Amino acid sequence: MLSGRRILLIISGGIAAYKSLELIRRLRERGAAVRCIMTAAAQQFVTPLAVSALAAEKAYTDLWSLTDESEMGHLRLAQEADLVVVAPATADLLARMAMGLADDLASTALLATDKPILVAPAMNVRMWQHPATQENVARLDARGVRRIGPNAGPLAEGESGMGRLAEPLEIVAAIEAFFAGSGRLKGRRALVTSGPTHEPIDPVRYIANRSSGKQGHAIAAALAGLGAETVLVSGPSREPDPPSVRTVHVETARDMLAACEAALPVDVAVCAAAVADWRVAAAAEQKLKKDAGAPPALVLAENPDILKTLSAAGPNRPKLVIGFAAETEHVVRHAEEKRRRKGCDWILANDVSPQSGTFGGDCNTIHLVDGAAVEDWPPLSKRAVAERLAKRIAAYFAEGGGR
Ligand code: CTP
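Per the working numbering, residue 273 is the first one in the sequence shown, and the count goes up by one each step.
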């Protein structure tokens, strides 16, 4: 059942667009609220009238319509959904999604949403097999966009091959599976650290690092997306607080540790923060003045290791403690040594060597090291890493891990 679920259905223009009418009907039968956006090409195949009659809501078609924008702006369309479904997704719309174009209502909503997206491609077999389409699909996969189909079979033009839109009931099943999975961590408590820490030198200066907090925030969002009650302890970061997550903002490593300890007990802790290894032993209470003589010499003291402390938290130890490691050589061996040294259960080793091809890019190449085995993940965006990790954690608990 899909009662209470809000689905934004984006219909792009291929002959398979007629199947979207059946899809809307099936989704509504199961209790979902379906709101639709149609591209200009989609309207050549099915009419907004038919779509709105089945959805029981107006079909949105125009980015430039003052009426549409005042009733339901493109940003609200993008946000007021639990899942965005693109069916059919043409080669053209997939390409525009991969490029991040925003030149009509459908592509703008797709760029403006931070909700999960499921695409159901449909096109001619040669268009599907074209390297451009395959590259676009690989890019969307790496970004964590979910996909169903295309299926193999007879195509509209009398040809046969990969390119058929998945059947409406298959798409419905994928949507139901998505929502069923979305409760897999219900009843679990999760703690995530994220961002850098700032270690004061005096009231106006501090030692920091370049961590953005993107990975930790994405992990907190993914865990909450699977239903975990999630606390995010974040150092200073520009990332917005993720929805459905309790975010605690801290500055220093010691504040971060205190906030983490206050969040215990939890089932799982993921330490993704780039915690400063050292702080200034005695930060000045007043601003240091440059005319006070020689430049000041900073004496550093070691900061607490949050991952190590949580891993040794006695009866309060989370059932699963996960850390990160950035390595440039002997990635797995170094990560395993780090795992043992810190006492955590899993290390996500990020290969940042120049050969990995991910250095400085948007993708991470992760090896999950758990003491018994190593899982090599393909290059994935930070969001896709977060989603894969959240699913891996859910599978661990489902298989009875942590008891
Ligand atoms: N970590 C922590 N508290 C610290 C330092 C690190 O919780 N004071 C956690 C990080 O969040 C991360 C892991 O420990 O999960 C990283 O370990 P670290 O020893 O800092 O490894 P690297 O950053 O890879 O550095 P190094 O080159 O020293 O191995």
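Where a beta carbon is used, it is the ideal one built from N, C-alpha and C, also for glycine. Keep in mind it's a predicted model, so treat the numbers as computed, not measured.
- Message: Does L495 pass the burial test, meaning 16 or more other C-beta atoms within 10 Å, or should it be called exposed?
- Response: buried
- Exposure of S379, with buried meaning 16 or more beta-carbon neighbours within 10 Å: buried
- Message: On the CB-based measure, 16 or more other CB atoms within 10 Å of its CB, does T333 come out buried or exposed?
- Response: buried
- Message: Checking 8 Å against the spacing of the C-beta atoms, do L592 and D539 come in under that value?
- Response: yes
- Message: Three or more C-beta pairs under 8 Å: does that hold for the segment 484-499 against the segment 562-574?
- Response: no
- Query: Do you know offhand how far C532's Cα is from P576's?
  - Reply: 12 Å
- Task: Could you round the C-beta distance between K387 and L355 to whole angstroms and report it? I think they count as a contact, below 8 Å.
- Result: 6 Å
- Item | DSSP three-state assignment for A304, whether helix, strand or coil | coil
- Identify the continuous alpha helix (DSSP H) that holds N423 and give its terminal residues. Per DSSP, N423 belongs to no alpha helix (DSSP H); it is in the beta strand (DSSP E), N423 to P426.
- Item | For P468, the nearest candidate out of A544, R461, G565 and R415 (CA to CA) | A544
- Message: Here's the rule: buried if 16 or more other CB atoms are within 10 angstroms of the residue's CB, otherwise exposed. What is K561?
- Response: exposed
- To the nearest angstrom, how far is it from the Cα of G372 to the Cα of A353? 20 Å
- Task: Alpha carbon to alpha carbon, how far is L326 from A645? Give it in angstroms, no decimals.
- Result: 51 Å
- Task: Evaluate the contact criterion for the segment 427-446 versus the segment 500-519: three or more CB pairs, one atom per stretch, below 8 Å.
- Result: no
- Can you list, in chain order, the residues of its chain whose CB lies under 7 Å from that of L335, leaving out five sequence neighbours each side? H346, D376, L377 and T380
- Message: For the segment 278-285 against the segment 313-323, do three or more pairs of beta-carbon atoms, one drawn from each stretch, fall closer than 8 Å, so that the two count as touching?
- Response: yes
- Query: Would you say C543 touches the ligand CTP, meaning its beta carbon is less than 7 Å from a heavy atom?
  - Reply: yes
- Query: Y332 bridges to which residues according to DSSP?
  - Reply: I309
- Simplified DSSP state of I447, which is helix, strand or coil: helix
- Task: Using DSSP bridges, identify the partner residues of E659.
- Result: Partner(s): none; E659 has no beta bridge.
- Task: Could you tell me the boundaries of the alpha helix (DSSP H) in which C532 lies?
- Result: A525 to A535
- Item | Coarse secondary structure for P393, derived from DSSP in three states | strand
- Message: I'd like the span of the beta strand (DSSP E) that includes T502, first residue to last.
- Response: E501 to S506
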